[in-house]
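Shown next, in structure tokens, is the structure this report addresses.
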Amino acid sequence: MRLHRLTVSAFGPFAATQEIDFDALSRAGLFLLRGQTGAGKTSVLDAVCFALYGGVPGARQKPGVVLRSDHAAPGTLTEVTLDLTVAGRRLEVTRSPAQRRPKKGRAGFTTVKAASALREYDARTGAWRALSRTHQEIGKEITELLGMSREQFCQVVLLPQGDFAQFLQADAEQRARLLGRLFDTHRFAAVEDRLAELRRGAEARVRAGDERLYATAQRIAQAAGPDGAPPLPALRPGDPGLATSVLTWAAVARTVAAERRDIAERALAEAARRQRAARAALDAETELARLQQRFAETRKRADTVDEARADREAAQALLDADRRAERVQEALALRDTAARQDRGAADACAAARRPLPADLADAGAETLAAAERTVREELGALASARAAEAREAELRGERADLERQLRADEEAVREAGSWLDGWQERQAGLREAIEEAQGAATAAERLAGLREPVRRRLAAARTRDTAAREAAEAETRALAAARAAAAAHERWLDLRERRLSGMAAELAAALRPGTPCAVCGATEHPAPALPAAGQVDPAAEDAAQAAHRRAEEARRTADAAYTRVREAHAAAAAEAGETPAADLADEFDRLTRDHEEARAAAARAHPAKEALDRAEREYRDRQDAKRQAERAVASRTAQREALDREQAHLAAELSRARGTSATVARRASDLEVRAALLSAAADAVRAADSAASGLKDADARLADAAFRAGFDTPAAAAAALLDPRARRELQQRIDAWQREAAVVAERLAEQDAADAAARPRAETAAARAAHEAAEDALRAASTALATAGERGAALADLSALADAEARSLGPLRAAYDRVAGLAALTAGTSAQNERRMRLESYVLAARLEQVAAAATVRLQHMSSGRYALVHTDARAGQRRSGLGLDVVDAWTGSTRDTATLSGGETFFVSLALALGLADVVSDEAGGVRLDTLFIDEGFGSLDDQTLDEVLDVLDGLRDRDRSVGIVSHVADLRRRIPAQLEVVKGRQGSTVRLRTAPLD
């Protein structure tokens, strides 16, 4: 890798555009990068790293760090461009970070996304060709060409002496972290992690199998019961020998369960015999108790029948008296009816006399009828007065209607006058609305003309943005297709060359004894060529050629698609300009809103004209309505005066007819009520006289009927008469007594009950208790037998399950032992790994040994042959070994730790280590040449002689066509190194100067 030119703008301390010509600096082979503290020497290296990888070294890459220069003008964009040659290709990388820039034509800022571009110089055409504009593709391309990640580049090309001085003092773990990043040995760490993961997985599977087996053992213990098995083995899941212990313990549990089942069968047979005997005894005692209870209940019922005999005879006497009283019942009913009628007629007569005047309160029926006739004659004389009163009511209604109509006409006159008073102002407002709507129509036409060009530009801007994204994607696909075509072409050429190289063997394969050779014509083939390893046959070459043609066709298709998208983007960009689509969308939305508002206002013109027409018609209608209402008011006033005169005449006539009543109708109503009262009173007097006569006849017939039935008085006959319910109840009581007497007599004749009563009292409670105890014992024995059987079956099933699980554990434990041994060996924890060296450390130790050998070549020159770096894998105490470094002192013949070096010695040893590491990493990256190197501070700690030797070593790098840049403050280096790049800081930002002659 060789750097040619670096251009930075608004980056770090550089406000303006600065250009660094590395070709001019590299001609001397060794150049000095110097400047005041804070001027920006490190920023030059940051710019190189940012251009290649899109990031800066170390801690300066952490979040929140801003790469943009604080001195730069707002309109100047931060950008870095690096021109370099790598892997024989001349490339140009341009990158800019995400940043803010002023908005065009408006106040404020807008955020610009990070951008990247990669170009390649075509020597045949003498022009630059674009390769990619995506961050991912450019980063992948640069990393593949350099063969190094950003961390490796910062350690190998931008040599930080302080880091390597710390590396010399570091322990094995710290060195492993640094070397692991540089040599990408994470795959070996991944192997360690994978083996550890496999060990954990195998251990988990073994533990899971043990836990399943132990859980089965716990289920066996639960199935066996508290005393059915000895205690579980003391081993836990994961312990060796658990399976054997569990199987032995399960066999013991099955034996105990079988013995308990036999005992339970014998206990069940004995319990069944005892239960049958207790059942027979209980049945006998129960029957004896039933007969004794029956005899006692019969004697008690006989006593009850004797006690109820007197009540039965009294009930029979009442029934006999009731049968005699039934012959008087009809006469009693007739007398009760006559009495009720008499009382009702007397009450009605009293009620009818109560409203009458005092002079008629005791009058007879004839007197009351005569008074009624007098009242009805007076009522007939009021007919003409009723007609006059009805006319008066009609007059009041007509006058009320006339008053309402008169008020409505007067209100219409007032309303029309009020509306007509505001006509001029209303007419002016409507005409003004028409004029505003017409002005809005003109504005709408103007806005429509402005909106259409903006709409076209907005569509073009969206097409432009879409085409830009599609162009980037098409460019990516074109680059990928080009790389694929190149790879396919190289593959085909490689196979073709390999086939041509092995063509002799291919021809020899077709030789047959006696058949002429196609090359020399000989029929004998004493030493035919043999195919070499990896011999290419024609089919493989043809397949590679076909793949190359397909890849080339895909490349041409991708290039054509990229060209079409770029042309579409250019056309859209010409139409839309550089204005963002969002700004055009905002402007289009504003014009659309204004246009819609103007159209809405213009649409109100027609309604405003119609409103004016309606208002003018209403003006004419209201003038006509006002004149008609004024004529109606005059007419209705004359009608009201005529009605008032007729009403006064009728009022005088009705006053005479009403008398003391409020109205003629009231007077007539009073007379009708009086006539009705007199008529009702006369009828009531006549009904009362008739009811009294009927009551006397009924009393005489009742007295005669009671005497013939054998009763002294009618009251005695009425008292003996029973209602149907009481009669039924007495008969039912008599019938029940007779039935009970018959049942008692029958049961007293039973001989078995009498014999049982003579025996001692039955002991059913004791017999039942004995039977229940026998039943409980039988159920307990049956349950015990069932439990023993179930327990034996469960133990057999669980034991079979435990045996199967124990057999499945064998392969798992064998696999665990094998994987655990490998994991412990690679992790450095196995007893077989005496140096406790991890697998990654073992690989890094080989790399460190190569680095130490490469560093010793330069270290011996720098130290005049005194020092050499050697790798050691000796352990330090209990720490891991494998990454130790010692310094061999040729003057004393002793080996000592790098921590014992002085400051100057530490510097040139670390410099030699850094240069050796650069060589090894370069070889590790595929032999990529690193033609440009940078070395950071540390030269101030060297004396003059050592400094000369170090510079000789660095100057010797030119022998391999390398250029080395030294970053230093040491003043003596200005005299020793002619080619210099000076970084000068100022108030307006830093600048760079290229010097090719030393300064005094």
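For the sequence shown, my numbering assigns the number 1133 to the initial residue and increments by one for each residue that follows. Note that the Cβ used here is the ideal one computed from N, Cα and C, for glycine as well.
| field | Opening and closing residue of the alpha helix (DSSP H) in which residue 1953 lies | value | Per DSSP, the continuous alpha helix (DSSP H) segment holding residue 1953 begins and ends at 1896-1959.
| field | Residue ranges of each beta strand (DSSP E) within the region 1136-1178, 3 or longer | value | Listed in chain order, the complete beta strand (DSSP E) runs (minimum 3 residues) inside the region 1136-1178 are 1150-1153, 1162-1167.
| message | Please return the same chain residues whose Cβ sits closer than 6 Å to the Cβ of residue 2003, not counting the five positions on each side in sequence. | response | The beta carbon of residue 2003 lies closer than 6 Å to those of 1980, 1981, 1984 in the same chain, with the five residues before and after it left out.
| request: Could you check which residue in 1941, 2099, 2032 has the C-alpha nearest to that of residue 1345? | output: Minimum Cα distance to residue 1345 is reached at 1941.
| task | Evaluate residue 1352 with the Cβ neighbour count: other Cβ atoms within 10 Å of its Cβ, from every protein chain shown; 16 or more gives buried, anything less gives exposed. | result | Around the beta carbon of residue 1352, 16 or more other beta carbons lie within 10 angstroms, which makes this residue buried.
| request: Go ahead and label residue 1450 buried or exposed: buried means 16 or more other beta carbons lie within 10 angstroms of its beta carbon, across all protein chains shown. | output: Result: exposed.
| What three-state label does DSSP hand residue 2066 in the structure shown? | Three-state result, residue 2066: strand.
| request: Kindly list the residues whose CB is nearer than 6 Å to the CB of residue 2059, restricted to its own chain and excluding five residues on each side of it in sequence; keep chain order. | output: Its pLDDT being 47, under 50, residue 2059 is placed unreliably in this model, and the coordinates cannot settle the point.
| Which ranges would you report for the alpha helix (DSSP H) in the region 1852-1894 if only whole runs of at least 4 residues count? | Segments of the alpha helix (DSSP H) lying fully in the region 1852-1894: 1856-1880, 1883-1890.
| task | Could you check what DSSP says for residue 1261 in three-state terms: helix, strand or coil? | result | Here residue 1261 carries a strand assignment [DSSP, helix/strand/coil].
| message | Just checking: is the beta-carbon of residue 1357 within a distance shorter than 8 Å of some beta-carbon in chain D? | response | As a matter of chain content, chain D is missing from the structure shown, which is built from one protein chain.
| query | Who are residue 2114's beta bridge partners in DSSP? | reply | According to DSSP, which records beta bridges pairwise, residue 2114 is partnered with 1166, 2125.
| message | Going by DSSP, what residue range makes up the beta strand (DSSP E) through residue 1964? | response | Per DSSP, residue 1964 is not a residue of any beta strand (DSSP E), being assigned neither H nor E.
| Is residue 1580 closer than 8 Å to residue 1727 when the C-beta atoms are compared? | Against a cut-off of 8 Å, the Cβ pair of residue 1580 and residue 1727 comes out as a contact.
| Quick one: Cα of residue 2143 to Cα of residue 1977, how far? | Only positions 1133 to 2132 of the chain appear in this structure, which leaves residue 2143 out of reach.
| task | Within 10 angstroms of the Cβ of residue 1996, are there 16 or more other Cβ atoms? Answer buried if so, exposed if not. | result | By the neighbour-count rule (16 or more Cβ atoms within 10 Å), residue 1996 is not buried but exposed.
| field | Assumed close pair residue 1944, residue 1337 - CB separation to whole angstroms, cut-off 8 Å | value | Going by Cβ atoms, the distance from residue 1944 to residue 1337 rounds to 5 Å, so yes, they are a contact pair.
| said: Please return the same chain residues whose Cβ sits closer than 8 Å to the Cβ of residue 1504, not counting the five positions on each side in sequence. | reply: Around residue 1504: 1807, 1810, 1811, 1814.
| field | Within the region 1222-1281, ranges of the alpha helix (DSSP H) (whole runs, at least 4 residues) | value | Within the region 1222-1281, the complete alpha helix (DSSP H) runs of at least 4 residues fall at 1267-1278.
| task | For residue 1267, count neighbouring Cβ atoms within 10 angstroms of its own Cβ and tell me buried if that reaches 16, exposed if not. | result | Classification for residue 1267: exposed.
| field | Closest by C-alpha distance to residue 1285, when choosing among 1133, 1207, 1668, 1597 | value | Closest in alpha carbon position to residue 1285, among 1133, 1207, 1668, 1597, is 1133.
| request: On a CA-only basis, which of 1439, 1481, 1648, 1177 is nearest residue 1869? Give me that one, please. | output: Minimum Cα distance to residue 1869 is reached at 1439.
| field | Secondary structure, alpha helix (DSSP H): runs of 4+ residues fully inside the region 1419-1450 | value | Not a single unbroken stretch of the alpha helix (DSSP H) spanning 4 or more residues falls wholly within the region 1419-1450.
| So residue 1571 is in the alpha helix (DSSP H); what residue range does that whole segment cover? | Where residue 1571 is concerned, the enclosing alpha helix (DSSP H) starts and stops at 1555-1633.
| field | Alpha-carbon to alpha-carbon, residue 1203 and residue 2010 | value | Confidence in residue 2010 is poor, its pLDDT being 49 and thus under 50, which makes the residue's placement too unreliable to answer from.
| 8 Å Cβ shell around residue 1414 - same chain, five flanking residues per side excluded | 1896, 1899, 1900, 1902, 1903.
| said: Determine whether the beta carbon atoms of residue 1238 and residue 1252 lie at a separation below 8 Å. | reply: No.
| request: Would you check if there are 3 or more beta carbon pairs closer than 8 Å linking the region 1704-1711 to the region 1589-1606? | output: Contact between the region 1704-1711 and the region 1589-1606 is established, with three or more Cβ pairs separated by less than 8 Å.
| task | Alpha carbon to alpha carbon, how far is residue 1425 from residue 1889? Give it in angstroms, no decimals. | result | When the Cα atoms are used, residue 1889 and residue 1425 turn out to be separated by approximately 8 Å.
| message | With a threshold of 6 Å on Cβ separation, who are the neighbours of residue 1781 within its own chain once the five nearest residues in sequence on each side are excluded? | response | Cβ neighbours of residue 1781 beyond the five flanking positions: none.
| said: For residue 1144 and residue 1172, which I take to be in contact (beta-carbon distance under 8 Å), what is that distance rounded to the nearest angstrom? | reply: That pair is a contact at about 6 Å.
| Bridge-paired residues (DSSP) for residue 2000 | Among the bridge pairs identified by DSSP, residue 2000 is matched with 2020.
| Where does the unbroken alpha helix (DSSP H) through residue 1469 begin, and where does it stop? | 1461-1485 is the extent of the alpha helix (DSSP H) around residue 1469.
| request: Please state whether DSSP places residue 1134 in a helix, a strand or coil. | output: It is a strand residue.
| query | Are at least three pairs of beta-carbons, each pair with one atom in the region 1550-1561 and one in the region 1744-1753, less than 8 Å apart? | reply | At 8 Å Cβ cutoff, the stretches touch.
| task | From the DSSP output, in three-state form, read off residue 1214 for me. | result | The answer is strand: DSSP assigns residue 1214 an E or B state.
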